[in-house]
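*Asks:* I have a structure I would like to understand better, so I am pasting it below and will then ask my questions one at a time.
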Amino acid sequence: MTADAKTALRRRVLAARNGLSAADREERSRAVAERVAALRAFEEARSVALYAPLGAEVDTAEIERRARAAGKQVAWPRIGAGRVLGFACCARDELRPGPRGALEPPPGSPPLEAGDLDLVCVPGVAFDSALRRLGRGGGHYDATLPAAWRARKVGLAFEVQIVGAVPAEPHDAPVDLVVTEARVLQRAG
């Protein structure tokens, strides 16, 4: 039942996100970057993990620009052994296609352990106000986020990706915050 619910939700939210024009996504991505840069967690972070967007995901280019301007170390994910992601530092223009089409750091890029990250920007298909995340279905971030125990996990999304409830299973890893172009969702208290 949960797998079917996830598949249906993925289809619905991806259609809404893909319905945004390229210019609209670019403008909204800049607004997301402004909100991320205003976070205390971003301000205090020495190391930031970003992702290269696939399809119509929130673009992290402006977040990278701001992180580098502030002297932060920037790392990117790469698919490692099993489903766990590894992270390595390089410039965005050095990223190369990985085994599943996502852009990754090239071989030889300096590694950064997940446990050494201060802030991890996490892509997702859908998020809810309980900070549950529906990913693409590979389980890579669900397998990796627990290893980044000290990092603040920040889901990046457009408002059309915020839903009433994300169906969750015990292995699904929530995030600490969700940032959209319009607001920051965080745990109460």
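Going by this note's numbering, the first residue of the sequence shown is number 7, and it counts up by one from there. For each residue, glycine too, the CB sits at the ideal point set by N, CA and C.
1) How is P117 classed by DSSP in three states: helix, strand or coil?
2) Give me the Cα-Cα distance between V144 and R102, rounded to the nearest whole angstrom.
3) Buried or exposed, going by whether 16 or more other CB atoms sit within 10 Å of the CB of R46?
4) Do L109 and S53 have their C-beta atoms within less than 8 Å of each other?
5) Taking S53 as part of the alpha helix (DSSP H), name the residues at either end of that continuous run.
6) Does the contact criterion of 3 or more C-beta pairs under 8 Å hold for the region 59-67 versus the region 86-96?
7) With 16 as the cutoff for other CB atoms within 10 Å, does R89 come out buried or exposed?
8) Would you report the Cα separation of G130 and L26, rounded to the nearest angstrom?
9) Using only CA atoms, which one of L123, T13, Q167 lies nearest to E50?
10) Let's see if you can read the secondary structure: which residues bound the beta strand (DSSP E) around E162?
11) Hey, P176 and R138: beta-carbon distance below 8 Å or not?
12) Can you give the Cα-Cα distance for G104 and T13, rounded to whole angstroms?
13) With burial defined as no fewer than 16 other Cβ atoms inside 10 Å of the residue's Cβ, what is the status of E113: buried or exposed?
14) Let me check one thing: in DSSP terms, what residues is E110 bridge-paired to?
15) Around the Cβ of D30, are there at least 16 other Cβ atoms within 10 angstroms (buried) or fewer (exposed)?
*Replies:* With the given structure in hand:
1) strand
2) In the sequence as displayed, the identity of residue 144 is Gly instead of Val. Taking the straight line joining both Cα atoms gives about 20 Å.
3) exposed
4) no
5) Per DSSP, S53 belongs to no alpha helix (DSSP H); it is in the beta strand (DSSP E), 53-55.
6) no
7) exposed
8) 16 Å
9) L123
10) Correcting the residue identity first, residue 162 is Leu in this sequence and not Glu. Taken as a continuous stretch (DSSP letters only), the beta strand (DSSP E) holding L162 covers 158-162.
11) no
12) 24 Å
13) According to the sequence as given, residue 113 is Pro; it is not Glu. Burial call: exposed.
14) R102
15) exposed
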